[in-house]
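A short worksheet on the structure shown next.
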Amino acid sequence: MYLKKPLWSENFQLGKGDSTESEVDSLASTAVGELVDSLNQQRVYREVTLALRTGLRDARAEFSFLRVRGLRSILKFLRNVAESDATIDLFNQTQSIPELQVVPVIFQHSLKETGDDYNDHRIGNLDHIFGVEPMKITSPSTDAEVALALRVLEGCCLLHPQSTSLAHQHKAIQVLMNILSTRGVLEQGACLDALISVMVDSSTNQMDFEKCKGIMEVADLIRDKQADENLRLKCGEFLLLLIGHVNGRDRPPLATINEDIRHLLGEKSASLIWAASQFGSTLDPEQRLTALQIQARRVLESLNLY
2 MYLKKPLWSE NFQLGKGDST ESEVDSLAST AVGELVDSLN QQRVYREVTL ALRTGLRDAR
62 AEFSFLRVRG LRSILKFLRN VAESDATIDL FNQTQSIPEL QVVPVIFQHS LKETGDDYND
122 HRIGNLDHIF GVEPMKITSP STDAEVALAL RVLEGCCLLH PQSTSLAHQH KAIQVLMNIL
182 STRGVLEQGA CLDALISVMV DSSTNQMDFE KCKGIMEVAD LIRDKQADEN LRLKCGEFLL
242 LLIGHVNGRD RPPLATINED IRHLLGEKSA SLIWAASQFG STLDPEQRLT ALQIQARRVL
302 ESLNLY
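This is the structure:
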């Protein structure tokens, strides 16, 4: 470990020149304080990397219950990281190290779109019988695992903006839209939150969302009277956040989003969404969340589907 040379070691000798004992003590105290801060930062960095390595080890496991344990550990870790700017900075530093990057692991394991790969590899491949290597079987992701993975993805993108680029490399929007259209309510709600975080300040992901006709998928959900009401409210929150915080510019890739919503949900709902999306700039986080939920309820009522 490299330490700076003590400030009092050069040109400051007790009883010589213009230096006084109090000046030397002050400089020594400053140097010791800097040393303590440096050592403390190194300690916290070691704790951060250890927590990540432990969580990622389980998140790469072959069995879903181990991956769930790893994802829960990482999610708890991200919540602790978010409590201070210093730990956020340390987390961002770790995400430049490939083996500590969280987003690729999520897409390669928990959100991996395998289809029937589990059965395909189990039948028609006899190498594990005639060879010495046993066949490696990976259990499919459970609903709880997918929902946790989406929450972890959301946290990573909000704390570390460059994670949106990593997500794009793994075709995040296509994967999330598939989850939104095929999975259950638990995963769909988490998916809507993850979509917002992935698209914030990411024109590439916004373009992918437009290509996937994401607005149409969300509009279909919010108009579906048979769908879970909480999910429909979550769709309303999604549209409010998309218009008010993600889009924010009247140019591509989401330049026509207001017109798309007007076409899909009608003039009344589109106007309400646009007006309500401007809420909360002077409110604290808790008040903004309450306002968002109230406005989402109004959007739902404007559809006249009750």
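Heads up, the sequence shown is in our numbering, so the first residue is 2 and it goes up one at a time. Just so you know, even glycine gets a beta-carbon here, dropped at the ideal spot from N, CA and C.
Per DSSP, residue 83 lies in no alpha helix (DSSP H) segment and is marked neither H nor E. Taking a contact as a CB-CB distance under 8 angstroms, the pair residue 148 and residue 187 counts as one, their CB atoms being some 5 angstroms apart.
Counting along the chain, residue 273 sits inside the alpha helix (DSSP H) bounded by residues 268-277. Unbroken alpha helix (DSSP H) stretches of 4 residues or longer found wholly inside the stretch 90-115: 103-106, given in chain order. Our two residues, residue 150 and residue 72, have alpha carbons roughly 6 angstroms apart in a direct line. Your pair residue 217 and residue 265 checks out as a contact, with CB atoms roughly 6 angstroms apart and the cut at 8 angstroms.
In the three-state reduction of the DSSP assignment, residue 233 falls in the helix class. Restricting attention to 196, 163 and 161, the CA atom closest to the CA of residue 176 is found in 196.
Counted as a single uninterrupted DSSP element, the alpha helix (DSSP H) harbouring residue 157 occupies residues 144-160. Residue 44 counts as exposed, since fewer than 16 other beta carbons sit within 10 angstroms of its beta carbon. For residue 286, the enclosing alpha helix (DSSP H) has its first and last residue at 286-303. Just measuring C-alpha positions, the residue of 65, 288 and 98 sitting nearest residue 49 is 98. The shortest C-alpha to C-alpha distance from residue 67 to any of 47, 90, 105 and 141 is the one to 141.
The beta carbon of residue 143 sits closer than 8 angstroms to those of 65 and 69, all from its chain and outside the five residues before and after it, given in chain order. Sixteen is the threshold: when 16 or more other Cβ atoms of the shown chains lie within 10 Å of the Cβ of residue 233, as they do, the residue is buried. For the 8 angstroms CB-CB criterion, residue 160 and residue 108 do not form a contact.
In the three-state DSSP reduction, residue 239 falls in the helix class (H, G or I). Under the three-state reduction of DSSP, residue 246 is assigned to helix. Residue 201 and residue 246 have their C-alpha atoms some 8 angstroms from each other.
Distance between residue 46 and residue 100, taken at the CA atoms: about 15 angstroms. If you check the CB distance, residue 103 and residue 57 come in under 8 angstroms. The continuous alpha helix (DSSP H) containing residue 166 extends over residues 164-170. Less than 8 angstroms divides the Cβ of residue 241 from the Cβ of residue 293. Residue 80 has its alpha-carbon roughly 16 angstroms from the corresponding atom of residue 96.
Shortest Cα-Cα distance from residue 220 to any of 165, 270 and 153 involves 270. Burial is judged here by how many other beta carbons sit within 10 angstroms of a residue's own beta carbon; residue 285 has fewer than 16 and is exposed. The three-state secondary structure of residue 61, taken from DSSP, is coil.
The three-state reading of DSSP puts residue 68 in helix, counting H, G and I together.
The residue from 181, 183, 154 and 182 with its alpha-carbon nearest to that of residue 169 is 154.
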